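Here the sequence shown stands for residues 1 to 140, numbered as in the UniProt record's numbering. We put the beta carbon where it would ideally sit given N, CA and C, even for glycine. Here the structure is a predicted model, which means the values were calculated and not measured.
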Amino acid sequence: MSELAPRQMGAVNWLGLWTLYAKEVRRFLNVHLQTIGAPVVTSLLFLAVFLLALGRAVETVNGIAFATFLAPGLVMMTMAQNAFANSSSSLTIAKVQGNIVDVLMPPLSPGEMVAGFAFGAVTRGVMVGAVTAIVMAFFV
């Protein structure tokens, strides 16, 4: 029978980093209607408001239809907002609920923690951006 021994880690705790990333992704996928669906609806509402408010006054921008000009900016805005909201809300909720110790106790360096939260934020931003672009393509 083998002896119990601590797991040897290299310069980066890849398993810990992957676990933190997976936790972040699972956290926002558990409430996907709030974290992915709601931002899509919000960006469509922005598109509708801008088109109704400015659509007649600004029909084209440098030869591009106003809706076509506006859509990529709304997609990027939605991506940036949700990427930030993912990591900030995760840390804030953990602190308020008193379980931030579960994030701070594992053998992760500060860089690994930042990378785990950042990769989770990027994943949410890209997912929201892709869904927003696909849905917005039907209206632009």
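Are the beta-carbon atoms belonging to Phe117 and Ser90 less than 8 Å from one another?
Numbered from 1 along the sequence shown, position 117 holds the residue referred to as residue 117. Numbered from 1 along the sequence shown, position 90 holds the residue referred to as residue 90. Their beta carbons are under 8 Å apart, which means Phe117 touches Ser90 by this criterion.
How long is the line joining the alpha carbons of Met76 and Ala133, rounded to whole angstroms?
The count along the sequence shown starts at 1 and reaches residue 76 at position 76. The count along the sequence shown starts at 1 and reaches residue 133 at position 133. Cα to Cα, Met76 sits roughly 10 Å from Ala133.
Leu29 to Gly129, Cα distance in whole Å?
Residue 29 sits at position 29 when you count from the first residue of the sequence shown. Residue 129 sits at position 129 when you count from the first residue of the sequence shown. Taking the straight line joining both Cα atoms gives about 15 Å.
Closest by CA to Val126, which one among Tyr21, Leu70, Val135 and Met79?
In the sequence shown, counting from the first residue as 1, residue 126 sits at position 126. Val126 has its Cα closest to that of Met79, out of Tyr21, Leu70, Val135 and Met79.
When you compare only the Cα positions, how much space is there between Val25 and Phe84?
The residue given as residue 25 occupies position 25 in the sequence shown. The residue given as residue 84 occupies position 84 in the sequence shown. Val25 and Phe84 have their C-alpha atoms spaced approximately 14 Å apart.
For my contact list, Pro106 and Gly16 are in at a C-beta cut-off of 8 Å; report their separation, rounded to the angstrom.
Here the question's residue 106 lines up with position 106 in the sequence shown. Here the question's residue 16 lines up with position 16 in the sequence shown. Rounded, the Cβ-Cβ distance is 5 Å, consistent with contact.
Where does the unbroken alpha helix (DSSP H) through Arg27 begin, and where does it stop?
Here residue 27 refers to the residue found at position 27 of the sequence shown. Looking at the DSSP string, the run of the alpha helix (DSSP H) that includes Arg27 is Trp14 to Asn30.
Sequence-distant residues of the same chain with beta carbon closer than 7 Å to Thr50, five excluded per side
Within the sequence shown, residue 50 is the residue found at index 50, counting from 1. The sequence as given places Phe at residue 50; Thr does not occur at that position. So the qualifying residues of the chain are Leu70.
Pull up the distance between the alpha-carbon of Ala48 and that of Gln81, whole angstroms please.
For this step, residue 48 is matched to residue 48 along the sequence shown. For this step, residue 81 is matched to residue 81 along the sequence shown. Here the C-alpha atom of Ala48 lies approximately 19 Å from the C-alpha atom of Gln81.
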